[in-house]
Amino acid sequence: MIIDEDDPPPAYQITELIENAVLELYPDSFLTLQSSSPEPDPQPVDHRDWHIKLNIVIQVVGSRGDVQPFIALGNELQRHGHRVRLATHNVFEDFVKESGLEFYPIGGDPAELMAYMVKNPGLIPSLKSLRAGDIQRKRAMIAEMLDGSWRSCIEPDIVSRRPFVAEAIIANPPSFAHIHCAQALSIPVHLMFTMPWTSTKAFSHPLANLKYSKTDPGIANYISYGVVEFLTWQGLGDVINKWRRHTLELEPVPFSEGPALAETLKIPFTYCWSPALVPKPADWASHIDVCGFFFRGPPNYTPSEDIDAFLRAGPPPIYIGFGSIVIDDPKQMSALILDAIQATGVRAIISRGWSKLDGPPLPNVLYIGDCPHEWLFKYVAAVVHHGGAGTTACGLLNGRPTTIVPFFGDQPFWGNMVAASGAGPKPIPHRALDAEKLAQAIRFCLSPQAAVAAQGIADRIRAERPGVEVAVESFHANLPHDPLQCDLLGDRPASWVLKKGKRKVQLSKVAAEVLVRDMGIDRKSLKVHETSYISVENRRWDPLTGTSSAFLGSAADMVDGAAGILVKPYQELRRVRSGLPPERQAQASDPDEEFLEGSSRGMESLRNGLQTAGAMAKASGKSVAKVFLGGTRGLCVTIPLAATEGLRSVPKLYGEEVRDNGRVDNWRSGIVVAGRTFVHGLADGVSGLVVDPYRGAREEGVVGMAKGLGKGTLGFWTKGGSATLGLVAYPGQGIYKSIRAVKHNKTLKQIIAVRHAEGEWLIQAVEGAERQKVVLKYAEFMGDGLNKER
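So the sequence shown is residues 1 to 790, counted in the UniProt record's numbering.
Now the structure itself:
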């Protein structure tokens, strides 16, 4: 399979062109890079021996250029004994399967997504796209991919029907489903990407174009990530929350938490670029790694006769190609390129791509179709392309000076990275491109200084360990080992927990099935094991804003429910009417036949009317219930909890650590957390009246004592207040969660069923000796009182 690495970046990206400046933040700090930073440590990822074999689903949304690095990653994971399923668009099925990975289709059309981005390169869609319904189609496609991503975690192989239940998720951020699927399954999730997606002061978000101002570049860079994430969530948050409610049966993500969910939860993140080109920023935490580019093995490729003859006929040519970018006027672009070639006198290979670039036959120009860059770039002098991450990496690996003509997405980012390294000129936005600018860029790429810079980067990249190896180490280093390990079969992941008195044992699917079959353990006694708990809660910063937002949120829910008392029945009526077949035309001529048919139609119309009235009444009743339940929940749970958490968070405002009193999952844990909060809150509040003034006096004298007295007094009231309110808030929260778990248990039952199904399939390959080993270990583990402390 010949892979065209000239694929554009993902077409789903919220983006803007440099010359458009649709998203204007503060300074133009795109080149406020770490180009002057000291040499980075080579891929500083902790090595960790790993022997637990996992079912891993890799979820990828984007073009083939986005999928290809994850195929290389999947193959490396397979070498470590993991079972790997790659879930992506249907059109990549053959591409994935030919690599030896399992494939699962999630839907979505990458070509349509890319076409949308080409038509709408800015953050705000054009009026033409709005009128054409492109936005709604794109949102519907996202909803389809969310559903497909969830199915990829739990459904059998689409061909062999071999059961599969994910035990870890790896994803690129724009697949959107990753964290939510991991939360539903209580399994680890790890994000990987080819462009920056984590807030940093070192450089701005690639999809944000920053303009000059007096604002500190570092601050503007950091803010740019939040702005892009906010706009993304604003456009898709309702789609994701609807899917969470109806498919995963999870509560909606609060609007204030959605944009920064991955950073708030500290989801492990691995970036797939070379630290030789973009070092890891100093303000990225330890759970974020820069591992190196993901390169596949050299393809088995034999060039066509015309390519071979052209390369042999003269000095190394330059390469020009824009892959799957669809250019508005390919004839004009082709003429522009030829003018620049003639002005510089170079030989050139032009990749036709999706724009079908073409021109008159010239002795110094060759037009080609698909050709693997890993092979071709060894024989060219320089490369000119759109700036896809894969193409950029391949050019630099081969030491080729690079000119980038960005169209959208992360392409300007990579253009600036290359320019900052000295391996190419500043990127030329495609709308600003002309023959003179392209000719100047080509001359720069053919200069000795560009060649030296490009070769220097190539030498440093080749000196690094393979990026996929480091990425797998990063993945393993961030997995929770003990919660993942089966207590009876150490190389298998735990899926169940079995409790016997005060003892408990973590069981893999195979171990559990052995105990069920050979020891008569009741399946109902097996509880779903959480290997990685993810909680999405509305964080409260202080009692004022926390209580206010909770009150407004509850009021909004009640108003929405009240409006639904009238609106929902009308919507139901419209839905029923739109689904009715067109009226049949009477064709009978016999009066008796007409009478009978008329009577039949009348009865049918009466039944339909009654059904419609019933549906309308039901819809109105649901809205009435929503008003009542929303008000009850707000008064008894949401507002008291917001006030409690707001008071409890006040010490954070002056730098004090806040005690973690545990999580609330049900009414039992709600009572436990309430008790802890009450005891610790009162104790900490009273002790603060003495400890804080003493500590302040020791550090700053009388002034410090006064400050300490103020902190202690404030802490006494806020900690005491949260302790008292917590006696109501946390049990209320626990009761609410218990009721909700009983009502919304379809997804949990589904997870239980598919885990049992995979266990029944896996045990078929387990021999008697291993089954006996499980039985003996279980008896020893439970009978001798050996209970691991988790």
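Here a beta-carbon is modelled for each residue, glycine too, at the ideal position from N, C-alpha and C.
A direct Cα-Cα distance of roughly 31 Å separates residue 448 from residue 304.
With distances taken between CA atoms, residue 260 lies nearest to 224 out of 224, 280, 251 and 245.
In this model, residue 354 and residue 386 are separated by some 13 Å (Cα to Cα).
The closest CA to that of residue 202, considering only 216, 189 and 194, is found on 216.
Distances from the alpha-carbon of residue 342 to those of 408, 629 and 442 put 442 closest.
If you compare the alpha carbons of 139, 662 and 74 with that of residue 98, the shortest gap goes to 74.
Counted as a single uninterrupted DSSP element, the stretch harbouring residue 433 is not any beta strand (DSSP E), since DSSP gives it neither H nor E. With respect to the C-alpha of residue 498, the residue from 672, 699, 490 and 521 having the closest C-alpha is 521. Per the C-alpha coordinates, the member of 405, 157, 192 and 162 positioned closest to residue 169 is 192.
Boundaries of the alpha helix (DSSP H) harbouring residue 473: 467 to 477, taken from the DSSP string. Listed in chain order, the non-local C-beta contacts of residue 156 below 7 Å within the same chain comprise 162, 163 and 164, local neighbours out to five positions each way being set aside. Per DSSP, the unbroken alpha helix (DSSP H) holding residue 75 starts and ends at 64 to 79. Within its own chain, the residues whose Cβ lies closer than 6 Å to the Cβ of residue 422, once the five positions on either side in sequence are excluded, are 453, listed in chain order. Contact between residue 486 and residue 455 does not hold, since their C-beta atoms are separated by about 50 Å, which reaches or exceeds 8 Å. Counting only the Cα atoms, residue 312 lies some 13 Å from residue 363. Nearest Cα to residue 199 within the set 345, 285 and 146: 285.
Distance between residue 228 and residue 208, taken at the CA atoms: about 7 Å.
Beta-bridge annotation (DSSP): residue 289 is paired with 270. Per DSSP, the unbroken beta strand (DSSP E) holding residue 87 starts and ends at 83 to 88.
CA-CA distance, residue 760 to residue 417, rounds to 52 Å. Apart from sequence neighbours up to five positions away, the residues of its chain that approach residue 393 with a beta-carbon distance below 6 Å are 293, ordered along the chain. Under a 10 Å Cβ-count criterion, residue 419 is classified as buried, with 16 or more other Cβ atoms of the shown protein chains found around its own Cβ.
Across the structure, residue 368 and residue 351 are spaced so that their CA atoms are roughly 5 Å apart.
In the three-state reduction of the DSSP assignment, residue 385 falls in the strand class, which pools E and B. Contact annotation: the stretch 424 to 442 touches the stretch 394 to 411, with at least three C-beta pairs closer than 8 Å. From the listed residues 546, 523, 493 and 316, the smallest Cα separation to residue 446 is found for 316. Straight across, the Cα-Cα distance linking residue 669 with residue 538 is about 19 Å. Beta-bridge pairing by DSSP links residue 506 to 497. Runs of the alpha helix (DSSP H) lying entirely within the stretch 306 to 379, each at least 4 residues long, are 330 to 344 and 373 to 376 in chain order.
Cβ neighbours of residue 51 within its own chain (closer than 6 Å, five residues either side excluded): 491.
Residue range 189 to 193 is occupied by the beta strand (DSSP E) that includes residue 192.
In this structure the stretch 684 to 692 does not touch the stretch 741 to 760; the number of beta carbon pairs closer than 8 Å is below three. Around the beta carbon of residue 519, fewer than 16 other beta carbons lie within 10 angstroms, which makes this residue exposed. Short of 6 Å from the beta carbon of residue 105, and not among the five residues preceding or following it, lie these beta carbons of its own chain, in chain order: 90. The beta carbon of residue 243 sits closer than 6 Å to those of 146, all from its chain and outside the five residues before and after it, given in chain order.
Beyond the five residues adjoining it in sequence on each side, residue 230 comes within less than 6 Å, by CB distance, of 259 in the same chain, given in chain order.
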